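full-length UniProt numbering puts the sequence shown at residues 1 to 736. Take a look at the structure set out below.
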Amino acid sequence: MKFAVAAVAALLVAAPAVAEQLPAKRIFESPDISGPRARGVKLSPDGKAVTYIKTRADDLTVSDLWIADVAGGAPRLLLDGKLLAPTDRELSEAEKARRERAGVATRGVVDYAWDKQGRLILAPVEGDLWVYDLATKQARQLTRTPADEIDAKVSPKGGYVSFVRDDNLYITPAGGGAERALTEGGTELKSWGTAEFIAQEEMDRSTGYWWSPDDKAVAIAFVDQTGVDIVERPEVNATGARVVPQRYPRPGRPNAVVELHVQPLAGPRVKVDLGENPDIYLARVAWAKDGRTLYVQRQTRDQKRLDLLAVDPATGKGRVILSETSPHWVDLTDDFRPLADGTFLWSSERSGYRHLYLYAADGRLIRQITRGDWPVHEIEGVDETARAVIFSAFRETPGERRIWRVSYSSPAEPKPVTSAGGWWTVTVADKGGAFAGTYEDPKTPPQTALYRADGQRVRWIEENALKDGHPYWPYVDRLRTPSFGTIKAADGSDLWWSLRTPPGFDPAKKYPVIVQVYGGPSGPRVASNWHTPEDQILLDAGYILFRLDNRGVGYRSVAFKTAIDRRLGQLEVDDQIAGANHLKSLPYVDGARIGVTGWSYGGYMTLLMLTAPDSPFKAGVSGAPVTDWKLYDTHYTERFMGTPADNAQGYAATEVVSRLPRLKPDSLLLVHGMADDNVTFDHSTRVLFALQAAGTPFETMVYPGLRHRGGWTPANRMHRALMTRDFFDRKLKAGD
1 MKFAVAAVAA
11 LLVAAPAVAE
21 QLPAKRIFES
31 PDISGPRARG
41 VKLSPDGKAV
51 TYIKTRADDL
61 TVSDLWIADV
71 AGGAPRLLLD
81 GKLLAPTDRE
91 LSEAEKARRE
101 RAGVATRGVV
111 DYAWDKQGRL
121 ILAPVEGDLW
131 VYDLATKQAR
141 QLTRTPADEI
151 DAKVSPKGGY
161 VSFVRDDNLY
171 ITPAGGGAER
181 ALTEGGTELK
191 SWGTAEFIAQ
201 EEMDRSTGYW
211 WSPDDKAVAI
221 AFVDQTGVDI
231 VERPEVNATG
241 ARVVPQRYPR
251 PGRPNAVVEL
261 HVQPLAGPRV
271 KVDLGENPDI
281 YLARVAWAKD
291 GRTLYVQRQT
301 RDQKRLDLLA
311 VDPATGKGRV
321 ILSETSPHWV
331 DLTDDFRPLA
341 DGTFLWSSER
351 SGYRHLYLYA
361 ADGRLIRQIT
371 RGDWPVHEIE
381 GVDETARAVI
391 FSAFRETPGE
401 RRIWRVSYSS
411 PAEPKPVTSA
421 GGWWTVTVAD
431 KGGAFAGTYE
441 DPKTPPQTAL
451 YRADGQRVRW
461 IEENALKDGH
471 PYWPYVDRLR
481 TPSFGTIKAA
491 DGSDLWWSLR
501 TPPGFDPAKK
511 YPVIVQVYGG
521 PSGPRVASNW
531 HTPEDQILLD
541 AGYILFRLDN
551 RGVGYRSVAF
561 KTAIDRRLGQ
571 LEVDDQIAGA
581 NHLKSLPYVD
591 GARIGVTGWS
601 YGGYMTLLML
611 TAPDSPFKAG
621 VSGAPVTDWK
631 LYDTHYTERF
641 MGTPADNAQG
651 YAATEVVSRL
661 PRLKPDSLLL
671 VHGMADDNVT
681 FDHSTRVLFA
691 LQAAGTPFET
701 MVYPGLRHRG
711 GWTPANRMHR
721 ALMTRDFFDR
731 KLKAGD
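Here it is in structure tokens:
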């Protein structure tokens with residue numbers, strides 16, 4: 001794959017005088033320093049309006065629902081999150097967990113759904129449900145109960161609103177009326193209609209029920225967690241502490257047992273036959289357009305096989321019509337798209353790159369749609385009238401995510417429908433191929449507009465232009481455009497990197513560098529997008545910021561991402577050290593002052609990089625690190641490592657504590673939230689204990705009440721950012 005690399009020579013030109021430094025406090029104050037941004041963008045079913053969620057200008061912790069008409073006119077507020085949200089309501093653990101999994105950081109309107117007819121919008125607000133009627137332009141509260149209504153949906157024909165309450169699935173007429181329980185007897189351990197922890201956290205499946213397209217039946221998951229081990233994790237808050245007995249499936253240990261049932265609204269419930277082996281993953285569920293077939297994706301426990309089952313909803317009996325296999329693992333996607341004519345779209349990595357395929361209803365391959373030495377990212381939408389599929393892909397330069405369109409009936413070279421040079425996210429209309437698109441790049445904050453199917457802009461939704469009056473405008477001269485390049489891994493693979501220099505950069509001087517690492521199997525971190533303004537704190541402090549996508553990162557070839565199979569934390573560290581050696585070769589880098597920081601897998605990588613033999617890293621800030629893969633969850637860990645029983649050597653090689661004797665004194669700041677239910681706090685306490693026992697000086701900061709993603713307010717985000725800067729100032733700038 002070839003791409004244009006920005007001329008590194010451009011870095012060697014001294015920058016002109018720059019604007020006043022961006023005050024760190026301003027980054028975390030209202031209004032958002034990055035400007036007004038549209039999130040959760042959706043097109044109305046009739047294509048006449050676009051809705052989206054936006055944080056309030058006067059309070060970054062609250063979000064509202066807005067609408068913009070395609071025909072023009074100013075966007076207008078539909079649901080005021082501050083007005084509707086009670087301030088004293090304590091959310092249930094189930095809702096807290098859902099928000100944690102989804103990364104929701106605000107209250108108010110945090111999610112919503114249109115009905116398929118475009119008559120109403122359903123929005124959960126702090127545990128209760130609200131409905132906005134487009135005809136009357138009025139909002140009404142649909143539920144008012146002590147318990148939370150979670151995972152609320154409007155049925156496809158708009159007749160019902162459904163939700164889970166107290167581990168049972170309920171429906172109520174959308175126009176008002178008595179609610180009805182479709183299941184009974186649900187408990188926290190044996191629940192109906194909810195996605196189990198592992199599905200939400202690792203499988204990108206946040207729901208546990210699926211409406212048929214005719215409103216006549218619902219496919220419902222039943223989750224039995226009684227066999228899952230209890231992990232007693234502490235939850236330390238500012239005003240007290242408790243021990244939470246969390247059902248947490250660790251590698252090699254039992255998962256939840258998940259069944260699937262079809263519940264007609266008028267008739268007896270039918271159990272779906274998922275096969276003889278109960279130790280599988282219910283990966284995805286979808287209905288055919290005519291409602292006559294229920295499609296189920298079933299993944300084996302070792303994740304080396306993914307089956308697509310076609311199920312008769314009347315009997316629950318199904319047959320495997322398609323299977324994907326791999327000697328490494330088969331990734332889950334949302335690329336299965338049933339079409340009105342009975343065919344379906346599917347993506348596969350069988351060629352060495354992820355590409356799109358068209359299949360007949362019986363699983364017979366009709367044709368391959370895309371091909372080449374580049375990967376499809378994901379299907380974004382389908383225009384069935386034009387028989388075209390709209391997809392995103394990283395086809396050109398590093399980190400440029402672009403939208404493409406190709407016919408699935410007579411495939412040809414895909415055509416780009418969005419511009420190059422940055423990062424696109426889109427929501428495609430159900431019909432016609434029009435889309436709401438958000439574009440960003442290193443000097444363009446996220447801008448959202450409505451586009452025709454050919455990519456022509458119809459109207460702005462949130463232009464968010466970086467000009468006079470924008471919150472960032474007074475500091476725009478401090479923005480630093482990354483330079484991109486590649487180095488070679490030991491196996492000859494190209495490793496993409498990006499580098500940003502501080503404002504006022506002088507190529508005749510030498511600068512300390514902070515490597516911002518994630519390193520785990522995921523999307524690229526070397527990206528042509530709008531970087532978090534928090535990075536400006538480190539840039540303004542005089543640091544060069546460097547990122548490198550090591551082997552194992554996704555959206556490249558299969559060979560590139562599976563190189564880490566059964567040996568996490570080994571090749572990734574080798575590649576990051578190669579990146580540090582590249583930095584040392586640059587004349588403006590002080591090779592003795594290279595630091596590293598990361599969160600989650602990045603926190604794990606930080607510890608590994610600091611404790612590598614002859615580590616080139618002087619200091620590091622490790623946030624919420626995994627320290628022993630035996631303590632993490634099944635679906636993620638076993639995908640890459642197998643189980644401890646079948647890969648004991650691999651698990652031993654990836655463990656952190658045994659490496660700590662190589663940690664340089666006073667080189668580590670360890671950070672963790674004290675209510676983390678994902679990377680539980682015992683990952684860090686093992687490191688704390690080992691370093692204390694060895695008498696190795698280090699620093700630590702813990703945050704009461706905070707989870708892995710959720711609960712981080714502007715105040716404690718600012719505290720963490722300033723603490724990180726202060727630590728690196730003391731470790732990398734001593735003697736300046």
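Ideal placement from N, C-alpha and C gives every residue a C-beta, glycine not left out. Here the structure is a predicted model, which is why all the values come from computation and not from measurement.
Outcome for residue i when other beta-carbon atoms lying within 10 angstroms are tallied against a minimum of 16
i, result
"V296", "buried"
"T385", "exposed"
"F727", "buried"
"I366", "exposed"
"Q731", "Per the sequence shown, the amino acid found at residue 731 is Lys instead of Gln. By the neighbour-count rule (16 or more Cβ atoms within 10 Å), K731 is buried."
"S34", "buried"
"P471", "buried"
"L319", "Strictly speaking, residue 319 in this sequence is Arg, with Leu absent from that position. Answer is exposed; the Cβ neighbour count stays below 16."
"F689", "exposed"
"E201", "buried"
"E20", "exposed"
"Q263", "buried"
"A135", "exposed"
"N581", "exposed"
"K48", "exposed"
Rounded separation between residue i and residue j - CA only
i, j, result
"T713", "A340", "45 Å"
"K42", "D215", "22 Å"
"A721", "E534", "7 Å"
"T637", "V702", "25 Å"
"L548", "L189", "42 Å"
"V517", "W424", "23 Å"
"T597", "G623", "8 Å"
"R37", "S407", "32 Å"
"P31", "T61", "11 Å"
"W210", "R140", "25 Å"
"Y281", "F344", "22 Å"
"I564", "Q570", "8 Å"
Per DSSP, cross-strand counterpart(s) of residue i
i, result
"T597", "Q516, V621"
"S323", "D307"
"P217", "Looking at the sequence itself, residue 217 is Ala, so the reference to Pro does not match. According to DSSP, A217 bridges with P264."
"L668", "G620"
"K54", "D64"
"N237", "G240"
"K271", "H261"
"D224", "K190, V257"
"D46", "Its beta-bridge partners do not exist; DSSP assigns none."
"P704", "Looking at the DSSP assignment, P704 forms no beta bridge with any residue, so it has no partner."
"G318", "V311"
"F698", "Per DSSP, none; premise fails for F698."
Same chain only: Cβ atoms within 7 Å of residue i, ignoring 5 sequence neighbours per side
i, result
"A612", "V573, I577"
"G176", "none"
"S615", "M609"
"T143", "D128, L129, E149"
"R639", "Q303, W329"
"P644", "P251, G252, K630, Y651"
Of the residues the options, the one placed nearest residue i, counting alpha carbons only
i, options, result
"T315", "N277, R337, K271", "K271"
"K618", "H635, K584, G650", "K584"
"A238", "K733, E232, G711", "G711"
"D229", "V243, L169, P251", "P251"
"G554", "L499, H377, R247", "H377"
"P416", "D454, E380, D383", "D454"
"G695", "D307, Y170, L306, P661", "P661"
"V428", "Y357, D46, Q570", "D46"
"R371", "A361, G381, S347, R387", "S347"
Neighbourhood of residue i by C-beta distance below 8 Å, restricted to the same chain and skipping five residues each side
i, result
"W374", "M1, Y353, A393, F394, R395"
"L538", "I514, L545, T724, R725, F728"
Contacting residues, own chain, Cβ-Cβ under 6 Å from residue i (five flanking each side not counted)
i, result
"L669", "V621, E699, F727"
"A6", "Because A6 carries a pLDDT of 38, less than 50, the predicted location of this residue cannot be relied on, and the following value inherits that uncertainty. Here the set comprises S483, F484."
"D575", "A489, L495, N550, R551"
"A628", "Note that residue 628 is Asp in the sequence shown here, rather than Ala. Only E655 meet the Cβ criterion."
"H719", "none"
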